[in-house]
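Worksheet: one structure, shown below.
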Amino acid sequence: MAKSIIAFWRLAVVLFCTAISVPLYAQAISVNPDTLEASVRAQVINTNRFYINGPITQGLSAVTANQHYRLGPMSRSVLTLTALRMLAAGRLDLDENIARTLPDLLPENPFRVAVTPRHILTETAGFAVPPRTDGLVTLDHYLTQVRTAGKIAHADSVGWSLLAVFLEAKGADTLENLINKHLLNPLGLASGSLKLGTGASALSRLQDMTGNGALIAEISRLTVRNRDKNGTRFLPKDIYAQFTQKQSWRMHPVGPRRLLGSALTDVGKRSYIHPPTEPISANFNKAPLGASFVTFPKQGISFVTLNGIDPDFLHAIEAIADQSFLPAQPDNRIAQAQGLSDRNIRFNGNYVRSDAPSAWLAHRLKTLASERLTLSDTSDGTLYLEFTNGERLTFQKRAPYLFDSLGGERVILSPYRQGGYLVLDGTLYRFIGILGNTEFVLDLMPVVMLILLSSAVYLGSNVSPRWRRMALFGTLGTLMVAGGIAADYYLWPKAVFIWDSSWLVILWRIMLNTGLALVLSLPLFAISFTRKNEMPQGAAIFIAPLHLALISVSALVLFLILVAWGVAGEFSAY
54 MAKSIIAFWR LAVVLFCTAI SVPLYAQAIS VNPDTLEASV RAQVINTNRF
104 YINGPITQGL SAVTANQHYR LGPMSRSVLT LTALRMLAAG RLDLDENIAR
154 TLPDLLPENP FRVAVTPRHI LTETAGFAVP PRTDGLVTLD HYLTQVRTAG
204 KIAHADSVGW SLLAVFLEAK GADTLENLIN KHLLNPLGLA SGSLKLGTGA
254 SALSRLQDMT GNGALIAEIS RLTVRNRDKN GTRFLPKDIY AQFTQKQSWR
304 MHPVGPRRLL GSALTDVGKR SYIHPPTEPI SANFNKAPLG ASFVTFPKQG
354 ISFVTLNGID PDFLHAIEAI ADQSFLPAQP DNRIAQAQGL SDRNIRFNGN
404 YVRSDAPSAW LAHRLKTLAS ERLTLSDTSD GTLYLEFTNG ERLTFQKRAP
454 YLFDSLGGER VILSPYRQGG YLVLDGTLYR FIGILGNTEF VLDLMPVVML
504 ILLSSAVYLG SNVSPRWRRM ALFGTLGTLM VAGGIAADYY LWPKAVFIWD
554 SSWLVILWRI MLNTGLALVL SLPLFAISFT RKNEMPQGAA IFIAPLHLAL
604 ISVSALVLFL ILVAWGVAGE FSAY
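Quick note, the sequence shown lines up with residues 54 to 627 if you use our numbering.
This is the structure:
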């Protein structure tokens, strides 16, 4: 009997110790706004900011709760939660091929990775960032895929709009009704708490979506508290984990990471989740501000902003974390990175900024000229980065694919599964190799075009009709290429997004590629003249061979340049 009692108490002690030792890092914390330093409090509680502490909301006024704000990044949270509720109801599968549901928008291609809802929720579908979103434009005009699905993540407004149409097809209802049914009603919110955008563009209903402060607060609360208006689970436990904690995509253990519908980012020694935001690039307009949140799910706290995340906001949050959070969990991601193998891999070459990939030639060329870097790998653990402005940085290897500088900058290279990308302090770059050499693909272009146009001097040649034909092909082909490039550079966005004249784009691209074919015939003419000894007589016999050689080399160089620009062999409008 005594042994049984002792065994019982031992078991009780073990259970008690186990309970109190459940990871302290996962314990929710309580932050009293009255104890915050004045400058910190002013950043997290003001007319445009408040925070969610479990079931409690700190700093949300009655005016803010009823006033509507542009959701911006949080429109993606609205769509994510609607999709996950439909997933829980068995209405869709995260890994199904969207093209089978929407064949008119996204034709099925057996030679490409199929775009799935998971790709869109992790923003790895690979659609181009549109140069403009105004005008009466249907969604199919935006669906230009510039990357293989699942390869790399970037802010993708086109993918989210495609997901909205997919949800309507799977739910057999309008997006507004689906959001009411799966999100607003379970949270006890009125249908008027959210309004879709009403612009003519297919992207406007998400980009211009608005919601009141109460809606923004409840969506933010869902990132720390999986409960509906009745106190029951809003999402099944496994799906909720994918929404708030479980990584669904990552480039590298220390690199960019994505959950379903949100990005995972570091502040200080801790990681937080937030809705994906548009990148700021010199060649793209900055996206309008909107509501967003910075959530620490394990600590049960979400900081909400109605006018965008800025450095001061993040610094205030970091100060609160240092003051009120339990000690940061040891970061084991470096140890995970040590398990990767990068032996015998060199990363030399040119990289171009690629966090906002564009289908417009003008954007691509401007990015190539101004937002490019050259990486030199010495294979002894040292990397050198040289920028277009002449700045040069040195990095030392810390782990496979991971390099740090003395100044605190960090370079993260993608393992082979992602292929050819690097991240420099949060900015994504894509490998372009020798075709990213601006002296070759930009500076040389005017010289090449002038040499090719010089073939016109043989239009009146009396050597043979084939010399005159070569001159005609060279002159006409060069002018056609120049006209096609100019049209693509200046007119593509207008033709596709304003005039709705895709046929016009196809027409000038046919002209461009036909001209390229004519130009590429010039080396064949030169070889033929040499073999048949069909050369001019007199003084021209010394000049013509050199001129033919220059024309032939220029024709091949033009082809390589147009390949680098992404226009050679391209005929579709989008």
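We treat Cβ as the ideally placed atom computed from N, Cα and C, and that holds for glycine. The structure presented is a predicted model; accordingly, all values stated were derived computationally and were not measured.
Opening and closing residue of the alpha helix (DSSP H) in which residue i lies
i    : result
F578 : 575-584
S214 : 210-224
V93  : 91-97
S128 : 127-141
H172 : 170-174
L503 : 498-506
Contact check, residue i vs residue j, beta carbons under 8 Å
i    : j    : result
F180 : P239 : no
G112 : Y104 : yes
A617 : V494 : yes
A369 : T110 : no
A409 : V199 : no
G125 : L342 : yes
V307 : L367 : no
T197 : Y627 : yes
Y474 : I205 : yes
Beta-carbon proximity list for residue i, same chain, < 6 Å, skipping 5 on both sides
i    : result
V516 : P589
T117 : G266
K290 : none
L256 : T186, S210, S214
L228 : A217, E221
L557 : A548
A621 : L615
Extent of the continuous beta strand (DSSP E) run through residue i
i    : result
V277 : That residue, V277, is in no beta strand (DSSP E); it is neither H nor E in DSSP.
A15  : A query on residue 15 cannot be resolved here, the shown segment of the chain reaching from 54 to 627 and no further.
L475 : 474-477
L312 : 310-312
T480 : 480-484
L512 : Premise fails: L512 is in no beta strand (DSSP E) and is neither H nor E.
L455 : 455-457
For residue i, the three-state DSSP class (helix, strand or coil)
i    : result
F612 : helix
K450 : strand
W618 : helix
Q298 : coil
S625 : coil
Q635 : The shown model of the chain, from 54 to 627, leaves out residue 635, and the question about it has no answer.
I465 : strand
L64  : Because L64 carries a pLDDT of 43, less than 50, the predicted location of this residue cannot be relied on, and no value is offered for it.
T348 : strand
E439 : strand
H327 : strand
S607 : helix
T358 : strand
D148 : coil
R522 : helix
E106 : The identity of residue 106 in the sequence shown is Asn, whereas the question assumes Glu. Looking at N106 - three-state DSSP - the assignment turns out to be strand.
H600 : helix
H194 : helix
F180 : strand
H368 : helix
Own chain partners of residue i with C-beta closer than 7 Å, once the 5 adjacent residues on each side are dropped
i    : result
S254 : T186, D187, G188, V190
F349 : R323, Y325
S377 : I82, V84
A335 : Here A335 scores only 39 on pLDDT, less than 50, and its place in the model should not be relied on; the value that follows carries that caveat. Excluding sequence neighbours, A335 sits near S423, E424.
G107 : A81, V277, R278, G353
T135 : L220, L231, I232, H235, L236
Close beta carbons around residue i, own chain, < 8 Å, minus the five adjacent residues each side
i    : result
I563 : F624
L571 : F526, G527, L529, G530, M533
R522 : F578
M139 : L145, L220, K223, G224, L231, H235
Exercise. At 4 residues or longer, and completely inside the stretch 226-270: list those alpha helix (DSSP H) runs for me, N to C.
Key: 228-232, 257-260
Practice problem: Return the chain-ordered ranges of every alpha helix (DSSP H) run that is complete within the stretch 376-429 and spans a minimum of 4 residues. | Solution: 386-391, 414-423
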